[in-house]
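Colleague: This is the structure I want to talk about, given as structure tokens.
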Amino acid sequence: MAQEGKTQEFEYKAEMKQLLHLIVHSLYTHQEIFLRELVSNASDALNKARFRKLTDENILSKDVPLEVHIEVDQDANLITIEDAGIGMTREDLVERIGTVASSGTKAFLEQLKSQEKPLDGQMIGQFGVGFYSVFMVADKVTLETRHADNDSQGFRWESGGEGTFTLEEIERVERGTKITLHLKEDAKEFSEEQRIKHLINKYSNFVDFPININGEQVNTVKALWHKQKSEIGEEELNEFYKFIANDFMPPMGHLLLHLEGVVNFRALLFVPEKAPPALFRDEEYQKLHLYSNNVFIQEDCKDLLPDYLKFIRGVVDAEDIPLNVSREVTQSSPVMGKIRSILTNKVLGLLEDWAKKDPEKYMKMFNEFGPLIKTGISTDFKNKDRLIDLFRFPTTRKPKGEMTSLKDYVESMGEDQTEIYYLLGEHREVLEKNPNLEYFKKHDVEVLLMDDPVDAFMITYLDTYDDKPIVSIEKSDIDLKQDEELAKDALADEDINKLTAQFKITLGDKVEDVMVSKRLVESPVTLVAGKSGMDAQMERMMKMMDQNFISGSKILEVNPGHPLIKNLSRMVDSQDEIDLIDKVIYQLFEGALLLDGNLNHTSDYVTRMTDLMVKATNN
17 MAQEGKTQEF
27 EYKAEMKQLL
37 HLIVHSLYTH
47 QEIFLRELVS
57 NASDALNKAR
67 FRKLTDENIL
77 SKDVPLEVHI
87 EVDQDANLIT
97 IEDAGIGMTR
107 EDLVERIGTV
117 ASSGTKAFLE
127 QLKSQEKPLD
137 GQMIGQFGVG
147 FYSVFMVADK
157 VTLETRHADN
167 DSQGFRWESG
177 GEGTFTLEEI
187 ERVERGTKIT
197 LHLKEDAKEF
207 SEEQRIKHLI
217 NKYSNFVDFP
227 ININGEQVNT
237 VKALWHKQKS
247 EIGEEELNEF
257 YKFIANDFMP
267 PMGHLLLHLE
277 GVVNFRALLF
287 VPEKAPPALF
297 RDEEYQKLHL
307 YSNNVFIQED
317 CKDLLPDYLK
327 FIRGVVDAED
337 IPLNVSREVT
347 QSSPVMGKIR
357 SILTNKVLGL
367 LEDWAKKDPE
377 KYMKMFNEFG
387 PLIKTGISTD
397 FKNKDRLIDL
407 FRFPTTRKPK
417 GEMTSLKDYV
427 ESMGEDQTEI
437 YYLLGEHREV
447 LEKNPNLEYF
457 KKHDVEVLLM
467 DDPVDAFMIT
477 YLDTYDDKPI
487 VSIEKSDIDL
497 KQDEELAKDA
507 LADEDINKLT
517 AQFKITLGDK
527 VEDVMVSKRL
537 VESPVTLVAG
547 KSGMDAQMER
557 MMKMMDQNFI
567 SGSKILEVNP
577 GHPLIKNLSR
587 MVDSQDEIDL
597 IDKVIYQLFE
607 GALLLDGNLN
617 HTSDYVTRMT
627 DLMVKATNN
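Here you go:
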């Protein structure tokens with residue numbers, strides 16, 4: 017950093033250089049998006065100034081109108097955007113504009129690295145780096161600003177979007193920010209007045225402040241959420257959503273509420289089309305704007321909806337919140353609690369309506385946000401039953417890509433089935449090959465295939481549904497009837513008991529018990545959890561959370577009708593074959609561990625397998 021007088025030159029941080037290089041040198045679509053981003057930033061600054069004016073008599077330039085002014089000069093190839101908003105401090109200019117400050121920016125960079133198609137300029141706003149879109153159209157950007165504090169200093173920030181930017185103290189009388197873009201040769205169209213008017217009407221007609229172009233107001237200032245449903249067109253809704261959500265796709269659906277009664281408020285809420293890359297991160301994705309009587313209060317009010325609905329975007333305008341409310345104490349307001357309850361009820365009602373009347377749309381939503389919605393079962397006990405009815409799961413009866421509800425599962429149960437069965441795992445393809453499914457496949461008993469990582473957490477809060485226990489088929493105490501067909505071809509009780517006794521001697525404390533299996537059809541053995549134990553997927557989750565977690569011992573179930581088990585039974589009385597029997601028993605046990613994903617040391621398994629193959633081929 018070099019200093020000369022009151023002008024300083026700064027070097028961009030490494031990640032910011034990388035971002036700017038991509039913006040300046042890559043092939044872009046939707047260059048026009050820069051204007052929406054700058055107007056959005058100006059609107060945010062004006063909202064903050066409007067709030068500050070209500071609480072601070074000494075705000076700088078108190079009587080300056082809250083407006084956006086755009087000037088275009090076709091001869092000089094310039095466009096200037098100025099607002100009377102909150103302005104920026106020196107720290108803001110260095111830390112917010114000169115540095116990659118958010119994880120959203122980093123996520124944006126990672127996505128750019130991984131994709132091979134041309135970069136879409138609309139993505140910039142989606143990932144929270146909207147200001148930098150100016151370098152799509154400008155080879156030099158000058159920003160002049162002064163913060164709303166009376167004792168603030170004016171600054172000029174300037175950069176060509178390459179390696180450095182300069183910062184200079186200037187004389188500026190009024191608060192706010194003025195951005196001048198020196199347009200590139202291939203971006204001359206943005207110095208044309210009609211082109212800019214068209215873009216304002218397209219993207220920013222709904223901004224809650226006057227937007228003037230060369231002295232002429234071009235937008236209609238009326239808060240969209242104060243209009244009646246009949247007054248709002250689909251295109252207007254879509255563009256408002258894109259503006260407020262920094263998204264480049266239209267929403268999946270919306271909810272317009274005008275409520276009077278215990279509390280009076282209006283709301284315009286949206287369900288996005290796609291989930292963000294980091295759905296579960298609070299800082300990445302919760303943008304409900306809170307207003308009071310059309311006055312901006314808070315841009316990211318996390319108290320308006322529970323965490324499991326944080327994907328909802330929109331605006332809530334409440335009449336009963338005092339204008340001088342502290343942004344830090346909104347959560348303690350009884351009015352906020354009532355609004356939260358009503359909004360949660362309305363959003364759940366919207367999703368229930370989709371599930372009933374438009375299952376295809378509902379499943380599209382659930383595929384995007386279902387994992388997050390499932391987490392609500394652990395916190396929202398008031399709506400627990402409603403949430404459970406919204407859950408959907410793959411099952412053994414549905415082809416890949418289709419899911420069922422617990423209600424539909426229960427309705428299709430056989431008369432003699434008393435339990436709801438599930439199997440946890442990482443991928444459907446792996447689950448379908450699990451030996452514990454064999455009995456259920458043979459008898460066409462439906463099993464829920466829980467392959468969502470959240471399911472291992474969710475299932476701990478889901479014990480029953482419609483008075484029916486929900487049980488893992490990897491537990492030893494599930495209620496299965498004897499398969500008479502398989503029993504006819506099985507070992508006699510005396511023989512299988514003698515063999516299981518040998519299994520217990522060979523394996524010792526490596527297993528909790530060895531039992532005859534009812535669930536196996538084609539496999540010789542399987543491992544299941546005891547009454548107080550965890551199934552394999554639950555144990556994997558615990559290991560991810562705690563590296564020191566030790567898996568509990570399992571019960572080994574043996575299939576008395578399998579040819580290998582029958583062969584072992586015939587050999588068990590021969591002391592000459594005891595070494596071979598022990599090797600086969602260990603191989604069966606470790607093979608079951610391997611299928612569960614719990615075989616930590618594979619070398620012994622492979623060596624033993626080789627020995628057995630040598631023995632088998634030595635004839």
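Per the working numbering: the sequence shown = residues 17 to 635. Virtual Cβ for every residue (Gly too), placed ideally from N, Cα, C.
1) Helix, strand or coil for residue 618? Go by DSSP, reduced to three states.
2) Which first and last residues belong to the alpha helix (DSSP H) in which residue 425 is found?
3) Take residue 499 and list the residues in its own chain whose beta-carbon comes closer than 8 Å to its own, dropping the five residues that flank it on each side.
4) I need the DSSP call for residue 24, collapsed to helix, strand or coil.
5) Output the boundary residues of the alpha helix (DSSP H) element that contains residue 360.
6) Looking at residue 163: is its Cβ nearer than 8 Å to the Cβ of residue 188?
7) Return the bridge partner residues of residue 261 from the DSSP annotation.
8) Report buried or exposed for residue 431, applying the criterion of at least 16 other Cβ atoms within 10 angstroms of its Cβ.
9) Provide the residue span of the alpha helix (DSSP H) that contains residue 67, from first to last.
10) In whole angstroms, what separates the C-alpha of residue 442 from that of residue 413?
11) Entirely within the region 195–246 and at least 3 residues each: give me those beta strand (DSSP E) ranges in chain order.
12) Which residues share a DSSP beta bridge with residue 488?
13) What three-state label does DSSP hand residue 461 in the structure shown?
14) Ignoring anything shorter than 3 residues or poking outside the region 309–333, list the beta strand (DSSP E) runs there in chain order.
15) Residues in its own chain within less than 7 Å of residue 400 by CB, not counting five upstream and five downstream?
16) If you drop the 5 nearest sequence neighbours on each side, which residues of the same chain put their C-beta closer than 7 Å to that of residue 505?
17) Check whether the region 200–217 and the region 96–111 are in contact - that is, three or more C-beta pairs closer than 8 Å.
18) Does the region 276–287 come into contact with the region 330–338, if we say contact requires no fewer than three beta-carbon pairs (one atom in each stretch) closer than 8 Å?
19) Buried or exposed: where does residue 446 fall if 16 or more other Cβ atoms within 10 Å of its Cβ makes it buried?
20) Do you know how far the Cα of residue 405 is from the Cα of residue 423?
21) Pair every Cβ in the region 243–263 with every Cβ in the region 78–87, then say whether three or more of these pairs are closer than 8 Å.
22) Could you give the distance in angstroms between the alpha-carbon of residue 25 and the alpha-carbon of residue 108?
23) Please determine if the region 260–277 and the region 58–73 are in contact, where contact requires at least 3 C-beta pairs separated by less than 8 Å.
24) Who does residue 172 pair with in a DSSP beta bridge?
25) Label residue 52 either buried or exposed according to how many other C-beta atoms from any shown protein chain fall within 10 Å of its C-beta, with 16 as the threshold for buried.
26) Evaluate residue 58 with the Cβ neighbour count: other Cβ atoms within 10 Å of its Cβ, from every protein chain shown; 16 or more gives buried, anything less gives exposed.
27) Please state the DSSP three-state secondary structure of residue 281.
28) Less than 8 Å between the C-beta atoms of residue 461 and residue 438, yes or no?
29) Please name the residue or residues paired with residue 96 in a DSSP beta bridge.
30) Of all the options 180, 111, 286, which has the alpha carbon lying nearest to the alpha carbon of residue 250?
31) Terminal residues of the continuous alpha helix (DSSP H) containing residue 404?
32) Straight-line CA distance for residue 433 to residue 426?
33) By Cβ distance below 7 Å, which residues in the same chain neighbour residue 382 in space, the five residues on each side in sequence not counted?
Modeller: Taking the definition as stated:
1) If DSSP states are grouped into helix, strand and coil, residue 618 belongs with coil.
2) First-last of the alpha helix (DSSP H) with residue 425: 422–427.
3) Cβ neighbours of residue 499 beyond the five flanking positions: 455, 458, 459, 534, 537.
4) Taken through DSSP and simplified to helix, strand or coil, residue 24 comes out as strand.
5) Per DSSP, residue 360 is one residue of the alpha helix (DSSP H) stretching across 350–373.
6) Taking C-beta atoms as the reference points, residue 163 and residue 188 fail to come closer than 8 Å.
7) Residue 261 pairs with nothing; no bridge assigned.
8) By the 10 Å Cβ count, residue 431 comes out exposed.
9) Counting along the chain, residue 67 sits inside the alpha helix (DSSP H) bounded by residues 49–71.
10) Residue 442 and residue 413 have their C-alpha atoms some 19 Å from each other.
11) Counting whole runs of 3 or more residues, the region 195–246 contains the beta strand (DSSP E) stretches 227–229.
12) DSSP output for residue 488 lists 438 as bridge partner(s).
13) If DSSP states are grouped into helix, strand and coil, residue 461 belongs with coil.
14) Runs of the beta strand (DSSP E) inside the region 309–333: 311–314.
15) Excluding sequence neighbours, residue 400 sits near 393.
16) Answer for residue 505: 577, listed in chain order.
17) Judged by pairs of C-beta atoms under 8 Å, the region 200–217 does not touch the region 96–111, as fewer than three such pairs exist.
18) The count of Cβ pairs closer than 8 Å, one atom from the region 276–287 and one from the region 330–338, reaches three, so the stretches are in contact.
19) Classification of residue 446: exposed, given that the 10 Å Cβ count is below 16.
20) Spanning the two alpha carbons is a distance of roughly 7 Å.
21) The region 243–263, when compared against the region 78–87, does not touch it at the 8 Å Cβ threshold.
22) Each residue's Cα considered, the two are about 16 Å apart.
23) Here the region 260–277 makes no contact with the region 58–73; the two share fewer than three CB pairs at distances below 8 Å.
24) Beta-bridge analysis with DSSP links residue 172 to 160, 184.
25) A buried status is given to residue 52, since no fewer than 16 other beta-carbon atoms sit within 10 Å of its beta-carbon.
26) So residue 58 counts as buried.
27) It is a strand residue.
28) Their beta carbons are not under 8 Å apart, which means residue 461 does not touch residue 438 by this criterion.
29) BP columns for residue 96 point to 87, 196.
30) Among 180, 111, 286, the Cα nearest to that of residue 250 belongs to 286.
31) Here the alpha helix (DSSP H) through residue 404 covers 400–406.
32) Residue 433 and residue 426: Cα-Cα distance of roughly 9 Å.
33) Answer for residue 382: 408, listed in chain order.
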